[in-house]
Amino acid sequence: LISLIERNIANVGDSVAYRYLDFTRSDAGQADEITWTRLGTRLRAIGARVQQVTARGDCVAVLAPQGLDYIAGFFAAVKAGTIAVPLFAPELPGHAERLETALNDAQPTVVLTTSAVRDVVEAFLATIPPARRPHVIAIDEILDSAAEAFTPVVIDAADVSHLQYTGGATRPPVGVEVTHLAVGTNLLQMILSIDLLDRNTHGVSWLPLYHDMGLSMIGFPAVYGGHSTLMAPTAFIRRPQRWIHALSDGSRHGRVVTAAPNFAYEWTAQRGVPDPADGIDLSNVVLIIGSEPVSMDAIRAFDKAFSPFGLPRSAFKPSYGIAEATLFVSTIEPSAEPTVSYFDREQLGAGRA
40 LISLIERNIA
50 NVGDSVAYRY
60 LDFTRSDAGQ
70 ADEITWTRLG
80 TRLRAIGARV
90 QQVTARGDCV
100 AVLAPQGLDY
110 IAGFFAAVKA
120 GTIAVPLFAP
130 ELPGHAERLE
140 TALNDAQPTV
150 VLTTSAVRDV
160 VEAFLATIPP
170 ARRPHVIAID
180 EILDSAAEAF
190 TPVVIDAADV
200 SHLQYTGGAT
210 RPPVGVEVTH
220 LAVGTNLLQM
230 ILSIDLLDRN
240 THGVSWLPLY
250 HDMGLSMIGF
260 PAVYGGHSTL
270 MAPTAFIRRP
280 QRWIHALSDG
290 SRHGRVVTAA
300 PNFAYEWTAQ
310 RGVPDPADGI
320 DLSNVVLIIG
330 SEPVSMDAIR
340 AFDKAFSPFG
350 LPRSAFKPSY
360 GIAEATLFVS
370 TIEPSAEPTV
380 SYFDREQLGA
390 GRA
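In this note's numbering, the protein residues as written are 40 to 392.
See below:
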């Protein structure tokens, strides 16, 4: 991924890499943007600070709110030659046990966060014995001038890029080691499988960045040289129309891809249908649906609600993936429409389809 980011800095440095819509500062979503060149500067600055307190191959956890600082922190940890561990700030309700499990397993040398939640993070880490308590670094407090101290690192394809923790729905979260080769190959497979290898492609996502599918949405632009627009999960939950408007904005300028589980499409079909006068255009949208057994009812509900806005019948891409396989495993052909095939459970158990 780092070599791909460097390629984008060289070829499309002045182009926007990531845009974050902050709905806590404006009902319309205040847009914060970062270009590829600016991202490169931030990666070197943050990476230099990380290198001061780590050794090659140490784990660096990201415990930060959704936003551009999270993206910069994740990629900077990788660029610095350490292993990134995408997690979340302790303020996220109901996830303290999962966070504690992941931190005890990864034992990071450094935790990257932001000044807004630093106190909460330090309070959470206070229970860790001082001898193995990680350094806490606020990403947004690192000056660009720190980039001058960055030491370039030769990264091998077989090196571990990051630890991706499983969802923990049926067992405690497990950290899966994802190599640079695996993440690059998997992202390229996803992009080629849905025919998105085009610089005019635009990603839109509200998925948590610590989730493997959410993380893939910030990996996509690195591969195809386009950009992604992000928002917080809470911004989507409160007003699902925000997701639709962001998709429409992207659809007017090229193909736009998003990803979400069943409930998001069902919720949006119920609560996110815009006024016809809003001029919503979903004609260039690709919708990845996964993260759980795909519901045809969710697809049909969304299709019915949004076909009047130009949504193609081939927009949905039911997909299967697991963290243990990096993420992506299978989907349908780019031009195919979703279909359902029924099988006998007992016959399948006997090895017959």
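The C-beta atom is built at its ideal place from N, Cα and C for all residues, glycine as well.
All values derive from a computational prediction rather than experimental measurement.
Using DSSP's beta-bridge definition, name the partner residues of residue i.
i, result
"Ser-290", "Its beta-bridge partners do not exist; DSSP assigns none."
"Leu-151", "Val-101, Ile-176"
"Lys-343", "BP columns for Lys-343 are empty, so no partner."
"Ala-298", "Ile-327"
"Glu-216", "Leu-202"
"Ser-322", "According to DSSP, Ser-322 bridges with nothing at all."
"Val-243", "Thr-268"
Give the secondary structure of residue i by DSSP, where H, G and I count as helix, E and B as strand, and everything else as coil.
i, result
"Thr-273", "helix"
"Ala-197", "coil"
"Val-159", "helix"
"Gly-112", "helix"
"Tyr-249", "coil"
"His-284", "helix"
"Pro-125", "strand"
"Val-262", "helix"
"Val-117", "helix"
"Val-55", "strand"
"Ala-475", "The structure shown has nothing for residue 475, since the chain only spans 40 to 392."
"Val-222", "helix"
"Glu-136", "helix"
"Thr-307", "helix"
"Ser-334", "coil"
"Ala-375", "coil"
"Glu-130", "coil"
"Ile-44", "helix"
"Asp-234", "coil"
"Ile-146", "It should be noted that the sequence gives Gln, not Ile, for residue 146. Note: Gln-146 maps to coil in three-state DSSP."
"Asp-383", "coil"
"Phe-189", "coil"
"Ser-184", "helix"
"Ile-257", "helix"
"Pro-315", "helix"
"Leu-398", "Summary: the structure shown does not reach residue 398, with the chain confined to residues 40 through 392, and so no result is reported for it."
"Ala-141", "helix"
"Ala-165", "coil"
"Arg-278", "coil"
Figure out for me which residue from the options has the closest Cα to the Cα of residue i.
i, options, result
"Leu-34", "Lys-343, Ile-178, Val-213, Ala-196", "No answer is possible for residue 34: the residues shown for the chain start at 40 and end at 392."
"Leu-78", "Tyr-109, Ser-65, Ala-103, Gln-90", "Tyr-109"
"Pro-260", "Cys-98, Phe-114, Val-89", "Phe-114"
"Val-397", "Ile-85, Gly-311, Ile-257, His-201", "The chain is shown from 40 up to 392; residue 397 falls before or after that span and cannot be answered."
"Asn-143", "Pro-212, Pro-351, Thr-190, Asp-66", "Pro-212"
"Ala-111", "Pro-173, Pro-279, Asp-53, Leu-40", "Leu-40"
"Pro-191", "Arg-277, Pro-313, Val-117, Thr-152", "Val-117"
"Pro-279", "Arg-310, Gly-68, Ala-170, Glu-372", "Arg-310"
"Phe-348", "Pro-313, Ile-338, Phe-355", "Pro-313"
"Ser-374", "Arg-391, Glu-305, Leu-326, Asp-383", "Leu-326"
"His-266", "Pro-129, Leu-151, Arg-391, Leu-286", "Leu-286"
"Ile-276", "Gly-289, Asp-288, Pro-247", "Pro-247"
"Gly-293", "Trp-306, Arg-339, Val-243, Ser-154", "Val-243"
"Pro-169", "Ala-185, Ser-184, Gln-146, Ala-155", "Gln-146"
"Thr-205", "Asn-239, Ser-154, Leu-126", "Leu-126"
"Asn-323", "Thr-224, Ile-181, Val-295", "Val-295"
"Ser-200", "Trp-245, Arg-352, Gly-214, Glu-187", "Gly-214"
"Ala-128", "Thr-152, Tyr-359, Gly-120, Ala-119", "Thr-152"
"Thr-63", "Phe-382, Glu-136, Ala-389, Pro-104", "Pro-104"
"Ile-176", "Glu-130, Val-92, Asn-239", "Val-92"
"Ala-155", "Glu-139, Glu-180, Arg-137, Ala-337", "Glu-180"
"Leu-227", "Glu-305, Asp-320, Gly-264, Gly-388", "Gly-264"
Is the closest heavy atom of the ligand FAD to the C-beta of residue i under 8 Å?
i, result
"Leu-126", "Although the ligand FAD was asked about, the structure shown includes no ligands whatsoever."
For residue i and chain B, any beta-carbon pair shorter than 9 Å?
i, result
"Val-324", "This model lacks chain B altogether, as it is built from one protein chain only."
Problem set entry | Segment contact flag, the stretch 226-233 with the stretch 243-252, C-beta cutoff 8 Å, min 3 pairs | no
Exercise. Counting Cβ pairs, one atom from each stretch, are 3 or more of them under 8 Å apart for the stretch 153-165 and the stretch 62-73?
Worked result: no
Exercise. If you pair each beta-carbon of the stretch 292-312 with each one of the stretch 330-345, do three or more pairs fall below 8 Å?
Worked result: yes
Problem set entry | the stretch 195-203 / the stretch 215-222 touching (three or more Cβ pairs under 8 Å) | yes
Problem set entry | Length at least 4, wholly inside the stretch 57-97: the alpha helix (DSSP H) runs in chain order | 75-91
Exercise. How about the stretch 41-60 and the stretch 87-102: do they share at least three Cβ pairs that are nearer than 8 Å?
Worked result: no
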